[in-house]
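If you're matching them up, the sequences are chains A and B in order.
Counting from 1, position 258 in the first sequence corresponds to residue 257 in numbering that gives the first Met the number 0; the numbering is continuous, with no gaps.
Counting from 1, position 44 in the second sequence corresponds to residue 43 in numbering that gives the first Met the number 0; the numbering is continuous, with no gaps.
Glycine is no exception: its CB is placed at the ideal position from the N, C-alpha and C atoms.
Read through the structure below, which is laid out as structure tokens, and then see the notes.
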Amino acid sequence: MEERISMVHGSGGAATSELISAVFAKEFANDTLNQMEDSAVVVGSGKIAVTTDSFVVTPMCYPGGNIGRLCICGTVNDLLMRGAKPKYITCGFILQEGMEVSVLQEIVHAMAETAKEAGVTIVAGDTKVVTGAGECYINTTGVGFVPEERDVSAVKVQEGDVVIVSGNVGDHHAAILSSRMGITNHIESDNAPLGEIVEALFTAGVEVHTMRDVTRGGLATVLKELAQASGTTITLEEKALPVTPQVRDFCGLLGLDPLYMGNEGKLVAIVPAEQKERALEAMRSAKYGEGAVAIGTVTKEEPGKLYLVTGIGGLRNLEVLQGEGLPRIC
Amino acid sequence: MNLEEIKQFLKEYDGPKMRIMEVCGSHTAAISKNGIRGMLSPNIKLLSGPGCPVCVTPTAYVDRLVELAMTPDTCVVTFGDMLRVPGSKTSLSESAGVGAKAVMVYSPMDIIAMAEKEPQTNFIFAAVGFETTTPVYALLLDEVIEKDLTNVKLLTALKTMPGVIDELCRNGAEMDGFLAPGHVAAVTGSDIFKPLAENYQIPFVVSGFEGTEILYALYELVKERGNGVVKNCYPKVVTAEGNEKAKKLVTQYFMPADATWRGMGSIPGTGLVLRPEYRNYDAGSLLLNEDNKKNKACCCDKILMGKMSPAECPLFAKVCKPLTPQGACMVSTEGSCHSAFASM
């Protein structure tokens, strides 16, 4: 196998086969994939969740992860947010000419490890090669089974609910930005599959009204959309927001707002107030949910509004992220 | 008074109405971020002044940036906000769709590595800003000269602070106090506001950017109503005299000049340009005085001068939104209209 990707690896001929066996098959091997058929035939279920996502993050490898870990986490987490149990995943690679094969191997290895951690099987894949500067894009499509009794949806958010976030916000965004700016610090991406947290909530019998993973646009955008979809008012407490001192300082320095910074391993769960403690306990007992805290409440006096009670006691209205924020963080 | 007492004082103030202007974009952003407007009595009105560097840049400057970005082998390097500021016809980000080359950086010094990596490309930094930012451009020139780089130039639209406040007061802005810019004062020293305070018998209070610091400064301003005094409520950063080293560095490369402020016209002595001996590092900054609005109904000029609040502009939140800005004040997160939109 050569050291770098070239156009011939996308030809569909011998070089493509070599790439598949040398890089992909080794890491992804399973009964379905090993058949090497045109499509995967798998066992189904009653309610199915399906989602797709494309990953174009730059740099491809960053503190705390890489595009391989990210492309599994992103899709798996989207399935989880509807109460699904992630089952199958497909991946489409668009590789740019000149990409180092060793980097691709590292990315593919991270995908295999993360898929194992998240309990999904990679059942189909595709590779294309285009001209470019040695980077890669990955699309993943995921399928999950939704247990019959689960009904998680934005419209279920109602007065009397509380908002819980699973941990510190802003880490992924700050890690990517630090990496691009060549700043050395201790901030790492939080990219992680959130299956344990979700299962812990359902196992504890919490009546989860809705969940969202807090990705692009950040906490404020996600919660504003939920307030609008459910016609409720959500009020957050700035003092309760979990942000590490490193991320807070980093944001302060660059004039960024942690409320609008993306994450790849955090979720918000909105649950009835009387189940707050049970939900917190369940989330904190799960991997990646150790830092869960309640950050706000749901009322209904001003439908669609999202407010923040600021640290000094002022009231700030929050809108969805305006403008591009930081492009290519996922 | 402790913080709780100050909060109560500002909320319950029932004295004569006060119009207070914050002249720094970072203050505008901090006031909005901390929800401070809602913590004040209706008798205390906060107005945003001409302190956001991209908001006061005339359209001719943006047009020149677009022209440069469309030139072969040329790349414009800028802070993010400048990408979306409308010129007389278009903005840098709109032009990027038709071949303009413009990249965003967080620090002007990033241009050095870019210029070294691509010696065949001319890199132009969109050097806008006040006293706070200008020393960074001086440092950049130090480095460019030391490394003997011939493919880095500045397109400057540098402004200086006290003169424009004088202009506002002379033109009937009717302010009862100024929340003076903490970052600018760190360079210039707080004494720079003394002549204005004495001349117009208005208090100037230099403030930091934390919510509590702004509340303290507002309390001082209300207390000093009608007094021509300067108070420094940001002593950990600001001195009366300022930062001599930074001032010297700026003087080495730049000299005072008249400057055109968006919507306000030319104000004598309120800008800085490169000294003649460094003009070979200039990308054509002189005489960029044209200032034609993209949308004639835009009221950015009146808003910058404290004569109108954003909500009173007929375009506000209708045609003019952060994603479709008609004037510069809606672009930057430090712009008064953007700030007002975000806290609607």
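Within chain A, the residues that residue i reaches when beta carbons sit closer than 7 Å
i, result
"I35 of chain B", "G313"
"K100 of chain B", "The contacting residues do not exist; K100 of chain B stays about 16 Å from chain A at best."
Simplified DSSP assignment, three categories, for residue i
i, result
"F92 of chain A", "strand"
"I121 of chain A", "strand"
"A337 of chain A", "Here chain A has residues from 0 to 329 only, and residue 337 of chain A is not among them."
"V7 of chain A", "helix"
"V161 of chain A", "strand"
"T214 of chain A", "coil"
"G261 of chain A", "coil"
"R277 of chain A", "helix"
"R224 of chain B", "coil"
"N150 of chain B", "coil"
"D13 of chain B", "coil"
"M103 of chain B", "strand"
"D281 of chain B", "strand"
"D257 of chain B", "strand"
"I428 of chain B", "Beyond the ends of chain B as shown, which are 0 and 343, falls residue 428 of chain B; an answer cannot be given."
"C299 of chain B", "helix"
"N231 of chain B", "strand"
"A62 of chain A", "The amino acid occupying residue 62 of chain A in the given sequence is Pro; Ala does not appear at that position. In the structure shown, P62 of chain A sits in coil (DSSP, three-state: anything other than H, G, I, E or B)."
"L39 of chain B", "coil"
"Y287 of chain A", "coil"
"R63 of chain B", "helix"
N- and C-terminal bounds of the beta strand (DSSP E) containing residue i
i, result
"V145 of chain A", "C135 to V145"
"G264 of chain B", "G264 to L273"
"C74 of chain B", "T73 to T77"
"S47 of chain B", "I43 to S47"
"L307 of chain A", "L305 to V308"
"A293 of chain A", "V292 to T298"
"D177 of chain B", "The amino acid at residue 177 of chain B is misidentified as Asp; the sequence shows Phe. Note, F177 of chain B: beta strand (DSSP E), G176 to P180."
"S342 of chain B", "First-last for S342 of chain B: undefined, no H or E at that position."
"L286 of chain B", "No beta strand (DSSP E) holds L286 of chain B; DSSP gives it neither H nor E."
"I233 of chain A", "T232 to E236"
Within chain B, the residues that residue i reaches when beta carbons sit closer than 8 Å
i, result
"T51 of chain A", "Under the 8 Å cutoff, chain B gives no residues; its nearest Cβ is about 26 Å from T51 of chain A."
"L253 of chain A", "Y105"
"E318 of chain A", "F340, A341 and M343"
Beta-carbon proximity of residue i to residue j, cut-off 9 Å
i, j, result
"L287 of chain B", "Y60 of chain B", "yes"
"C23 of chain B", "S335 of chain B", "no"
"M38 of chain B", "K6 of chain B", "yes"
"P307 of chain B", "C298 of chain B", "Looking at the sequence provided, one finds Met at residue 307 of chain B rather than Pro. Taking 9 Å as the Cβ cut-off, M307 of chain B and C298 of chain B qualify as a contacting pair."
"V229 of chain B", "A179 of chain B", "yes"
"V145 of chain A", "N29 of chain A", "no"
"L225 of chain A", "L307 of chain A", "no"
"C60 of chain A", "I106 of chain A", "yes"
"K275 of chain A", "I93 of chain A", "no"
"L222 of chain A", "A268 of chain A", "no"
"R81 of chain A", "A48 of chain A", "yes"
Contacts that residue i makes with chain A (C-beta to C-beta distance below 9 Å)
i, result
"L64 of chain B", "The contacting residues do not exist; L64 of chain B stays about 18 Å from chain A at best."
"K230 of chain B", "In chain order: nothing, as chain A lies at least about 20 Å away."
7 Å Cβ cut-off: residues of chain B touching residue i
i, result
"M180 of chain A", "Y105"
Under 9 Å by beta carbon: chain B residues contacting residue i
i, result
"E224 of chain A", "In chain order: nothing, as chain B lies at least about 16 Å away."
"Q321 of chain A", "K320, P321, L322, T332, H337, F340 and A341"
Within chain A, partners of residue i - CB distance below 8 Å
i, result
"K6 of chain B", "I311 and G312"
"K158 of chain B", "The contacting residues do not exist; K158 of chain B stays about 19 Å from chain A at best."
"K317 of chain B", "Here the premise fails: no neighbours, minimum Cβ distance about 16 Å."
"K32 of chain B", "D256, T309 and R315"
Residue range of the alpha helix (DSSP H) that includes residue i
i, result
"R315 of chain A", "Counting along the chain, R315 of chain A falls outside any alpha helix (DSSP H), though it belongs to the beta strand (DSSP E) covering L314 to N316."
"T250 of chain B", "E243 to Y252"
"I123 of chain B", "Per DSSP, I123 of chain B belongs to no alpha helix (DSSP H); it is in the beta strand (DSSP E), N121 to G128."
"M307 of chain B", "Looking at the DSSP string, M307 of chain B is not in any alpha helix (DSSP H), and its letter there is neither H nor E."
"K116 of chain B", "D109 to K116"
"E198 of chain A", "G194 to T202"
"L252 of chain A", "P244 to L253"
"V236 of chain B", "No alpha helix (DSSP H) contains V236 of chain B, which DSSP labels as neither H nor E."
"A153 of chain A", "Where A153 of chain A is concerned, there is no enclosing alpha helix (DSSP H), given that its DSSP letter is neither H nor E."
| task | Taking a Cβ distance cut-off of 7 Å, strictly less, list which residues of the stretch 195 to 215 of chain B are near chain A, in chain order. | result | Contact residues of the stretch 195 to 215 of chain B toward chain A are G210, T211 and L214 (C-beta to C-beta distance below 7 Å).
| task | Could you list the residues in the stretch 35 to 58 of chain B with a C-beta less than 9 Å from some C-beta on chain A, going in chain order? | result | The residues in question are I35, R36, G37 and M38.
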